[in-house]
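Asks: Here it is: the structure, laid out below.
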Amino acid sequence: MSQDLYTQIVNSPPGGFIAKRVGLPQPTTLDRYRPGQPVVTGQVLIGAAPSGRLAGAIASTLADAQADVATTLAPELRTASADAGLDASVFNPEAGGDRRFKGLVFDATGIKDSTELVELQKFFHPSVRKVQSSGRVVVLGTPPEATKDPREHTAQRALEGFTRSLGKEIGKGSTVQLVYVAPGAENLIGSTLRFFLSPKSAYVSGQVARVTPGEPVPTDIDWERPLAGKTALVTGASRGIGEAIIETLARDGASVVGLDVPQLAEDLNAVTSRLDGEAIELDITSDDAPKVLAAHFKSGVDIVVHNAGVTRDRTLAKMPEDRWSSLMEINLSSEERINDALLKGKRIPAGGRIIGVSSMAGIAGNRGQTNYATSKAGVIGMVESMAPVLADRGITINAVAPGFIETKMTAAMPIAVREPGRRLNSMNQGGLPIDVAETIAWFASSASGGLNGNVVRVCGQMLLGA
Amino acid sequence: MATRELSGPPSILPLYAKAALPMIPGASLLPFVPGSGKDVPELELVMPEVTFDAKSLAAYNRVCGFTLRDAVPSTYIHVLAFPLHMALMGEPNFPFGAVGLVHVNNTITQHRPVSMSETLSIKVTASKLRPHAKGKQFDMVAQAKAGRTIVWEGVSTYLRLGKGDPSLKVQHEKVEDPPVSATWRLEGGLGRRYAGASGDRNPIHLYDLTAKPLGFNKAIIHGMWTKARCLAALESVLPDAYKVDVQFRKPIPLPSKVTFGEEISKDGIRFAVRNARKGTPHLDGTVVQVAAKKR
Amino acid sequence: MTPTVRRVAVVGGNRIPFARSNGPYAHASNSDMLAAALDGLIERYNLQGETLGEVVAGAVLKHPRDRDLTREVVLGSKLAPETPAYDVQQACGTGLETTIAVANKIALGQIDAGIAGGVDTTSDAPLALNDDLREVLLDANRIPDTAGRLKLLTRLRPGMIKPAIPANQEPRTGLSMGEHCAIMASEWGITREAQDELTIRSHNALAAAYDKGFQDDLLTPYLGLERDQNLRPGSTPEKLAKLKPVFGGPEGTMTAANSTPLSDGASVVLLASEEWAKARNLPILAYITEAQTAAIDHVHKREGLLMAPAYAMPTMLDRAGITLQDFDVYEIHEAFAAQVLCTLAAWEDPVFCKERLGRSAPLGSIDTEKLNINGGSLAAGHPFAATGGRIVAGLAKELSERGSGRGVISICAAAGQGVVAILESAGGAK
């Protein structure tokens, strides 16, 4: 799916001129990932509050990603870079020069007290103006719940207000994230830092991700194909977001299995045959579906993406039970049954990934979508409830919560509903199915053993339900 | 002897106009036109504050082939003294105009190298007229002082062609020409370039057309250029203090190809300029070392 | 056969005061200035009539007519005309590179004494014919008949009259040296304040050197100039802070003061074996003991254009078996204050030293009180090829006055090159 028409027009010279004059929002054409591209195109600046604990991990990640890096003059960053084999230049805001950065990474784990939060101002004040369009800002902190000192807890919790606000003012298609890295999970930040710095996270902003101890990153990981050797099941794979997901997982090296209802068999087969994958025509709500799948994946399935979902909109007062139940079956209950069957049958091995698709409606609620929002909030519940259980088996569960994504479904919306949905976010535009797919691929990555129990919105930092 | 002090160098172009006036029949009867006197006037012209200008010096050095060193070429001080020659010859009671005079001999004595940052005082007088085989001759005697020390002296002998004393004809000694060490190609515009650098804009040096009325088929190069060019060729072997004496023989028409010959011995340096094809003698010169004065 | 390596003595040096471009030396050519510097050296060390092993010098901006610049200057000098000479050109490294060339021959016993030097004029810069015009004229030269030549003339265009002016520009990046250095300053985080401070120190140190007579036997006046024209002692940070940046855009930190101006000048150094110097009762100020040249890739690997000395230094230190801290005097050519500060920052930086130099530990910092103690190029000016000779002679004299000690020279050059060398006092390193 390409850009919406409005974005195309205001990015043309005459359109941009008019839009500026009449004060219309001017969405930036967002950078998006193309295979073979480096993680970041442009320089990444690293800063840190004194005595942080992530300098080494950040430096290693960026060295490994062959990123062009600069650091502040902080001696610990210089030493960490040297140790990591990261050939980083220096950035001193007082030294001038026409420096531009594609990414800003700040290790805030050294902030132990609210009085030290000023380190954020010190680093970002001179550097934020130097961020290029589609820039990336990542602040790394310690999960407040993992701190021992109340002052530290307070200060670390405060970071969220900073990143969410900066996301709303940075503009130019740039994103801002907060990554809480639990002690002991330092070596697991690689996939997350890469994702948040790369164009893959084009439509993800203002998010908080938690990296916690988990399965280590495979030593032989191929970052171009982090799913090599893995089998991935994607439900609802015949079109729209599902199609983008299965394509992306295949791109990342997975052997893909697409699932959809028999009515969509033709579309599904077209997709899976293009991707050298398998197709399963199945109604997931049928009673034997869990058994059928468990039988199908005798040799296991590493990645399960519960993408299939429907809307059956109606205000509650007009909502008959079947409209409620059929949706709940598809969007939530069948997923639980399938999970149970695959897990009980030990079909998902250690290193496995379960990924749900929630929704902004599930977080913020939406008029006319009590059923849908309930199911999608339930997906969040599923993630929360299962994460600790699965952690013991080396499996992770996470979910994405898409905002306004340009699909046939949203294209069919009445304009009065569509346009606010599209524009009321920090990017002033809708996301693309690929943005959801990339986020899922990040959770799916073999290197993402530290991501468990996360719900990350792919909404361009939608103003609703922030 | 009367002394007149000049505040700055007299402008040469009007001097040339004045110098040429006596060529118009009867003009010398006018009170301000030279030609009225019987002998060279007893007058000393002095320029008390002569300083060097790097740009002019560089232009001079370039056209003559000198390296631009801090020490100025000895012939350059002649260039600075030359306007005084002209002014003196432009005096109303000077016996004849400068145009038409032939420069036959020039001797320069450099008592020590002169730095371009020094200030000199230069004075010029003229000697009495004396007979020559082809007319009458006289000397322009110039002297440059740094403070009270005489650092430089120059004697230019000019010939006024006319009724001479044939018994005075100089028999040039039949000495072997010094061996040739270089060939120089003098391009047609050289006279104009040197005129620009030295200020000596005598029409005989500029164009064939301007030289013709004065009896030359072609423009000829300044004798002092030829002398300077010789000294430039000898720059690495010149002592700090020396006397360089040249006789100007036949003029060098422009353009020309000439040879430069030199012979260095313990007594000094002998050098000569000849036409490259026919061997016509243009210049004969010698350099001898003299006692050096301390700075 | 392994030749015996002899110690190479620096007997002394001479230069003319450095002038700003289009200043007092506006009409002096490279050969004029080199001759003037050489004259003074010959006079000071009584070299009249001496046949030396060789004279090596060069100029960065050289006229095509100066085919054998140095040789011609020798022929016009009081040295014996049997003294061979040749030209070397390695941008701002020329002066030190010529010193190394002569020193190596002395060390190997191939010659006993020689003169190294360099000269540059930015005033009398060679203008080339416009390339298009040149092409037409060359074609005309190749065509035998007049009709053909006349036809060629129809190709002439008025725009061809514009001469090609040699630009202070890197051919492969299109950036000037200053613009390159501005990038370095930014990448090394060098502040305006630090650059200005170094600039003030340079001027004050050079002025002090003149005042105490240190320069008396290092230069001879030329064309009315007795001190370096660029020298402006007594400036203040406040005054320098008022200057607008000239490189690196409006946010740049490099100004006309903390960058060297275009300059004119020449310098020469007399080098000899100990025996040669002693036989003539000439002094030995210092010995040249080590040297190293390095180059970096500023084009594809985007290393800072003027960072090569930072690479040359550790190689040389390793060979000498000493550390960066083992010097009593540091002479780092101040092409730009930022260049010096970038170099020092690089040696202190763990990333640079590990990633670029492949060393386990940084070279470390130096005592800046020992840096450019008699002033540097920011004060003296920087006629490209003449800087090396100025520094070698000045450092040798400083070491001689100290009676013992060791000094190091670091010179950056255009096109991504750098030259470093070690001098030791005749009285010993320590």
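Listed in order, the protein sequences are those of chains A, B and C.
Here the first sequence is numbered in UniProt numbering, starting from 1 and rising by one per residue.
Here the second sequence is numbered in UniProt numbering, starting from 1 and rising by one per residue.
Here the third sequence is numbered in UniProt numbering, starting from 1 and rising by one per residue.
Ideal Cβ placement from N, Cα and C applies to all residues, glycine included.
Residue 71 of chain A: which of C:187, C:107, C:345, C:287 sits nearest, CA to CA?
Replies: Working through the first sequence from its first residue, we reach residue 71 of chain A at position 71. When each option's Cα is compared against that of residue 71 of chain A, the closest is C:187.
Asks: At a Cβ threshold of 9 Å, is residue 297 of chain C touching chain A?
Replies: Taking the third sequence and counting its residues from 1, the one referred to as residue 297 of chain C is at position 297. So, not an interface residue.
Asks: Would you kindly work out how many angstroms separate the C-alpha atoms of residue 122 of chain A and residue 460 of chain A, rounded to a whole number?
Replies: Counting from 1 along the first sequence, the entry for residue 122 of chain A is found at position 122. Counting from 1 along the first sequence, the entry for residue 460 of chain A is found at position 460. C-alpha separation (whole angstroms): 26 Å.
Asks: Does residue 347 of chain C have its Cβ less than 9 Å from a Cβ in chain A?
Replies: Looking up residue 347 of chain C in the third sequence gives position 347. Answer no: the Cβ-Cβ gap between residue 347 of chain C and chain A never drops below 9 Å.
Asks: What's the C-alpha gap between residue 196 of chain B and residue 83 of chain B?
Replies: As a first step, residue 196 of chain B is located in the second sequence; it is residue number 196 there, counting from the start. As a first step, residue 83 of chain B is located in the second sequence; it is residue number 83 there, counting from the start. Approximately 14 Å, taken between the alpha carbons.
Asks: Of the choices C:4, C:43, C:259, C:27, whose alpha-carbon is the least far from that of residue 15 of chain C?
Replies: In the third sequence, counting from the first residue as 1, residue 15 of chain C sits at position 15. Looking at the Cα atoms, C:43 is the closest of the given residues.
Asks: What is the DSSP secondary structure of residue 181 of chain B, counted as helix, strand or coil?
Replies: What you label residue 181 of chain B is simply residue 181 of the second sequence in a count that begins at 1. Here residue 181 of chain B sits in strand by DSSP.
Asks: Does any residue of chain C have a CB that is nearer than 9 Å to the CB of residue 80 of chain B?
Replies: Sequence index remark: in the second sequence, residue 80 of chain B carries index 80 (1-based). Closer than 9 Å: no.
Asks: Pick helix, strand or coil for residue 226 of chain C, following the three-state DSSP scheme.
Replies: Position 226 of the third sequence, counted from the first residue, corresponds to residue 226 of chain C. Coil at residue 226 of chain C, not helix or strand.
Asks: Using a cut-off of 7 Å between C-beta atoms, extract the partners of residue 223 of chain C located in chain B.
Replies: Numbered from 1 along the third sequence, position 223 holds the residue referred to as residue 223 of chain C. Within 7 Å Cβ-Cβ: 54, 70, 116.
Asks: Can you give me, in chain order, the residues of the stretch 47 to 79 of chain C that have a beta carbon less than 7 Å from any beta carbon in chain B?
Replies: Listed in sequence order: 75, 76, 77, 78.
Asks: Under three-state DSSP, which class holds residue 123 of chain B?
Replies: Taking the first residue of the second sequence as position 1, residue 123 of chain B is located at position 123. In the structure shown, residue 123 of chain B sits in a strand (DSSP, three-state: E or B).
Asks: What is the DSSP secondary structure of residue 64 of chain A, reduced to helix, strand or coil?
Replies: Looking up residue 64 of chain A in the first sequence gives position 64. Helix.
Asks: Counting Cβ pairs, one atom from each stretch, are 3 or more of them under 8 Å apart for the stretch 104 to 113 of chain C and the stretch 63 to 81 of chain C?
Replies: Short answer: they don't touch.
Asks: Any C-beta of chain A sitting closer than 9 Å to the C-beta of residue 412 of chain C?
Replies: Residue numbering aside, residue 412 of chain C sits at position 412 when the third sequence is read from its first letter. No, residue 412 of chain C lies away from the interface with chain A (no Cβ there is under 9 Å from its Cβ).
Asks: Identify whether residue 256 of chain B lies in helix, strand or coil by the three-state DSSP scheme.
Replies: Residue mapping note: residue 256 of chain B aligns to position 256 of the second sequence, counting from 1. Strand.
Asks: With DSSP as the reference, label residue 311 of chain A as helix, strand or coil.
Replies: Sequence index remark: in the first sequence, residue 311 of chain A carries index 311 (1-based). If DSSP states are grouped into helix, strand and coil, residue 311 of chain A belongs with coil.
Asks: Compare the C-beta of residue 407 of chain A with all C-beta atoms of chain C and state if any pair is closer than 9 Å.
Replies: Taking the first sequence and counting its residues from 1, one reaches residue 407 of chain A at position 407. No, residue 407 of chain A lies away from the interface with chain C (no Cβ there is under 9 Å from its Cβ).
Asks: Is the shortest distance between the beta-carbon of residue 45 of chain C and the beta-carbons of chain B less than 9 Å?
Replies: Counting from 1 along the third sequence, the entry for residue 45 of chain C is found at position 45. No - not a single Cβ of chain B is within 9 Å of the one on residue 45 of chain C.
Asks: Any C-beta of chain C within less than 8 Å: which residues of the stretch 264 to 288 of chain B qualify?
Replies: Cβ contacts with chain C come from no residue of the stretch 264 to 288 of chain B.
Asks: If distances are taken between C-alpha atoms only, which option among C:171, C:143, C:139, C:281 comes closest to residue 416 of chain C?
Replies: Walking along the third sequence from the start, residue 416 of chain C turns up at place 416. With distances taken between Cα atoms, residue 416 of chain C lies closest to C:171.
Asks: Which partner residues does residue 215 of chain C have in the DSSP bridge list?
Replies: By one-based count along the third sequence, residue 215 of chain C stands at place 215. Residue 215 of chain C is not bridged to any residue.
Asks: Nearest-angstrom Cα distance between residue 1 of chain B and residue 43 of chain B?
Replies: Residue 1 of chain B sits at position 1 when you count from the first residue of the second sequence. Residue 43 of chain B sits at position 43 when you count from the first residue of the second sequence. Rounded to whole angstroms, residue 1 of chain B to residue 43 of chain B spans 6 Å at the Cα level.
Asks: Near residue 4 of chain B, which residues of its chain fall below 6 Å by C-beta distance, leaving aside the five closest residues on each side in sequence?
Replies: Residue 4 of chain B sits at position 4 when you count from the first residue of the second sequence. Excluding positions up to five away in sequence, the list reads 45.
Asks: In terms of alpha-carbon separation, which member of B:257, B:194, B:218, B:208 lies closest to residue 228 of chain B?
Replies: Indexing the second sequence from 1 puts residue 228 of chain B at position 228. Out of B:257, B:194, B:218, B:208, B:194 has the C-alpha closest to the C-alpha of residue 228 of chain B.
Asks: What's the gap between the Cα of residue 83 of chain A and the Cα of residue 361 of chain C?
Replies: Within the first sequence, the letter at position 83 stands for residue 83 of chain A. Within the third sequence, the letter at position 361 stands for residue 361 of chain C. Looking at the two C-alpha atoms, the distance is approximately 10 Å.
Asks: Would you check if the distance between the CB atom of residue 41 of chain B and the CB atom of residue 94 of chain B is smaller than 9 Å?
Replies: Along the second sequence, one-based indexing puts residue 41 of chain B at 41. Along the second sequence, one-based indexing puts residue 94 of chain B at 94. It is a contact, given that the beta carbons lie within the stated cut-off.
Asks: What ranges does the alpha helix (DSSP H) occupy inside the stretch 186 to 229 of chain B, keeping only unbroken runs of at least 4 residues that lie completely in it?
Replies: Runs found: 190 to 198, 208 to 211.
Asks: Who does residue 70 of chain B pair with in a DSSP beta bridge?
Replies: For the purposes of this step, residue 70 of chain B is taken as residue 70 along the second sequence, with counting starting at 1. DSSP, once it has assigned bridges, lists no residue as partnering residue 70 of chain B.
Asks: Do the stretch 370 to 383 of chain A and the stretch 306 to 315 of chain A make contact, defined as three or more Cβ pairs closer than 8 Å?
Replies: Short answer: they touch.
Asks: What are the start and end residues of the alpha helix (DSSP H) that includes residue 323 of chain A?
Replies: Residue numbering aside, residue 323 of chain A sits at position 323 when the first sequence is read from its first letter. Where residue 323 of chain A is concerned, the enclosing alpha helix (DSSP H) stretches over 321 to 328.
Asks: Starting from the N-terminal side, write out each stretch of the beta strand (DSSP E) that is 3 residues or longer and does not extend beyond the stretch 328 to 396 of chain A.
Replies: List check, beta strand (DSSP E) in window: 353 to 357.
Asks: Out of A:156, A:413, A:220, which one is the CA nearest neighbour of residue 179 of chain A?
Replies: Counting from 1 along the first sequence, the entry for residue 179 of chain A is found at position 179. Of the listed residues, the one whose Cα sits closest to residue 179 of chain A is A:156.
Asks: Nearest CA to the CA of residue 166 of chain B: which residue from B:136, B:146, B:250?
Replies: Within the second sequence, the letter at position 166 stands for residue 166 of chain B. Taking only the C-alpha atoms, the option nearest residue 166 of chain B is B:136.
Asks: Would you say residue 384 of chain A reaches chain C, if we count a Cβ-Cβ gap shorter than 9 Å as a contact?
Replies: Reading the first sequence from its first residue, position 384 is the one you call residue 384 of chain A. Not an interface residue.
Asks: Could you name the residues of the same chain whose beta carbon sits closer than 7 Å to that of residue 226 of chain B, not counting the 5 residues immediately before and after it, in chain order?
Replies: Here residue 226 of chain B is taken as the residue at index 226 of the second sequence, counted from 1. Excluding sequence neighbours, residue 226 of chain B sits near 252, 273, 282, 283.
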